[in-house]
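There are 2 protein chains.
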Amino acid sequence: IHRAKAGIVTSAAKSLDILRQNIQKSLNREINQVIQKYMDKFFVLGIKNIRLNNGAKAVSDEHIQAVCRQILEEAKKMYLADSGRRSVTPVLDIPDNVSETGSTGTQKSLLIGRKRRLSDTDSE
Amino acid sequence: IHRAKAGIVTSAAKSLDILRQNIQKSLNREINQVIQKYMDKFFVLGIKNIRLNNGAKAVSDEHIQAVCRQILEEAKKMYLADSGRRSVTPVLDIPDNVSETGSTGTQKSLLIGRKRRLSDTDSE
Numbered sequence: 001i002h003r004a005k006a007g008i009v010t011s012a013a014k015s016l017d018i019l020r021q022n023i024q025k026s027l028n029r030e031i032n033q034v035i036q037k038y039m040d041k042f043f044v045l046g047i048k049n050i051r052l053n054n055g056a057k058a059v060s061d062e063h064i065q066a067v068c069r070q071i072l073e074e075a076k077k078m079y080l081a082d083s084g085r086r087s088v089t090p091v092l093d094i095p096d097n098v099s100e101t102g103s104t105g106t107q108k109s110l111l112i113g114r115k116r117r118l119s120d121t122d123s124e
Numbered sequence: 125i126h127r128a129k130a131g132i133v134t135s136a137a138k139s140l141d142i143l144r145q146n147i148q149k150s151l152n153r154e155i156n157q158v159i160q161k162y163m164d165k166f167f168v169l170g171i172k173n174i175r176l177n178n179g180a181k182a183v184s185d186e187h188i189q190a191v192c193r194q195i196l197e198e199a200k201k202m203y204l205a206d207s208g209r210r211s212v213t214p215v216l217d218i219p220d221n222v223s224e225t226g227s228t229g230t231q232k233s234l235l236i237g238r239k240r241r242l243s244d245t246d247s248e
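Protein chains in written order, with my numbering: chain A, 1 to 124; chain B, 125 to 248.
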């Protein structure tokens, strides 16, 4: 049974990852738009100041790309279950006709911004 | 001179990182909204199917958080200079009164979606 169970768990992860791969490109586009917006709003002035003080070459493409990578690295921490901090898990309103708990309402399996376990079924 | 130069380069990176830290929270919120939108649109059905086939417990919070982290890990690749692929660097319209090249136009130092080096000044 263990092996079968392990099979299920990995195949769930695999299926989800295949799905992710298919939408990563458009996700990238939108994530990039968010980052671009913040770059324009906040970083332009900062970079201008650094250049004023340290010369035009003080800030390179690599600096700015490193900041973008760091933004995303930090954002990953939102989705760390054991981070102790309020972890964020996306809300998914999943129609609940398979739920073992027999609850009739929609099973809000995961909740953004509030730490909710999968088991907290919610029949609002 | 080398040490001084090194000082400039690290202090530029440090200043940019301090700036990033100050806006990370609202960046997180917006990045999370993008991810949530895609979760609702694409993952709800996928998860429902996996559960239909493998039981309600086949997809856990951890699965979904792992997918979110992987989305961001993949998105980081947009900002890798040597990735060979078209690297993405945010466009920053930086007023150019310090540019050594003497060009009068705005120095578009970095360009989204098009691989442009910092040195390509642009006086459109």
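Idealized CB from N, CA, C, for every residue including glycine.
* **Cα-Cα separation, S227(B) to R51(A)** => Taking the first residue of the second sequence as position 1, residue 227(B) is located at position 103. Taking the first residue of the first sequence as position 1, residue 51(A) is located at position 51. Residue placement at S227(B) is flagged as unreliable, the pLDDT there being 39, under the threshold of 50; the coordinate-derived value follows with that caveat. So the alpha carbons of these two residues sit roughly 16 Å apart.
* Reference N49(A); option with closest CA among D40(A), V59(A), A81(A) -> The count along the first sequence starts at 1 and reaches residue 49(A) at position 49. Of the listed residues, the one whose Cα sits closest to N49(A) is V59(A).
* According to DSSP, is N221(B) helix, strand or coil? -> As a first step, residue 221(B) must be located in the second sequence, where it is residue number 97. The predicted position of N221(B) is uncertain, since its pLDDT is 46 and thus under 50; no value can be drawn from it.
* Through-space distance from N177(B) to E74(A), alpha-carbon basis -> One-based indexing of the first sequence puts residue 74(A) at position 74. One-based indexing of the second sequence puts residue 177(B) at position 53. Spanning the two alpha carbons is a distance of roughly 35 Å.
* Asked: So, is D19(A) buried or exposed, given that buried needs 16 or more other C-beta atoms within 10 angstroms?
  -> Counted from its first residue, the first sequence places residue 19(A) at position 19. The sequence given here has Leu at residue 19(A), not Asp. Around the CB of L19(A), 16 or more other CB atoms lie within 10 Å, so the residue is classed as buried.
* **Spatial distance of R29(A) from M78(A) (CA atoms)** => Here the question's residue 29(A) lines up with position 29 in the first sequence. Here the question's residue 78(A) lines up with position 78 in the first sequence. Straight-line measurement puts the Cα of M78(A) at about 20 Å from the Cα of R29(A).
* I35(A) versus I23(A) - alpha carbon distance -> On the first sequence, position 35 is the one that residue 35(A) refers to. On the first sequence, position 23 is the one that residue 23(A) refers to. For I35(A) and I23(A), the distance between alpha carbons rounds to 18 Å.
* Asked: Alpha carbon to alpha carbon, what distance is there between Q194(B) and D244(B)?
  -> To locate residue 244(B), count along the second sequence from 1; it is residue 120. To locate residue 194(B), count along the second sequence from 1; it is residue 70. Residue placement at D244(B) cannot be trusted, given a pLDDT of 39 that sits under 50; what the coordinates show is reported in the next sentence. Approximately 33 Å, taken between the alpha carbons.
* To do: Alpha carbon to alpha carbon, how far is K181(B) from F42(A)? Give it in angstroms, no decimals.
  => Start at 1 with the first residue of the first sequence, and residue 42(A) comes out as number 42. Start at 1 with the first residue of the second sequence, and residue 181(B) comes out as number 57. So the alpha carbons of these two residues sit roughly 43 Å apart.
* Asked: When DSSP labels each residue in this structure, what does L80(A) get in the three-state scheme?
  -> The sequence position of residue 80(A) within the first sequence is 80, counting from 1. Correct three-state label for L80(A): coil.
* Asked: How is V44(A) classed by DSSP in three states: helix, strand or coil?
  -> Taking the first residue of the first sequence as position 1, residue 44(A) is located at position 44. In this structure, DSSP gives V44(A) a helical state, which the three-state scheme calls helix.
* Asked: Are there 16 or more other CB atoms within 10 angstroms of the CB of Q65(A), so buried, or fewer, so exposed?
  -> Locating residue 65(A) in the first sequence gives position 65, counting from the first residue. Note on Q65(A): 16 or more other CB atoms within 10 angstroms of its CB, so buried under the neighbour-count rule.
* To do: Would you kindly work out how many angstroms separate the C-alpha atoms of Q157(B) and D141(B), rounded to a whole number?
  => On the second sequence, residue 157(B) is found 33 positions in, with the first residue counted as 1. On the second sequence, residue 141(B) is found 17 positions in, with the first residue counted as 1. Rounded to the nearest angstrom, the two C-alpha atoms are 23 Å apart.
* To do: Look at the alpha carbon of D164(B) and the alpha carbon of D185(B), and state the distance between them as a whole number of angstroms.
  => Here residue 164(B) refers to the residue found at position 40 of the second sequence. Here residue 185(B) refers to the residue found at position 61 of the second sequence. C-alpha separation (whole angstroms): 15 Å.
* Just how far apart, CA to CA, sit G105(A) and S15(A)? -> Numbered from its first residue, the first sequence carries residue 105(A) at position 105. Numbered from its first residue, the first sequence carries residue 15(A) at position 15. With a pLDDT of 40 at G105(A), under the threshold of 50, the modelled position of that residue is not reliable, and the figure given next carries that caveat. For G105(A) and S15(A), the distance between alpha carbons rounds to 26 Å.
* Asked: Mapping DSSP to helix, strand and coil, what is V152(A)?
  -> Any question about residue 152(A) goes unanswered here, given that chain A covers just 1 to 124.
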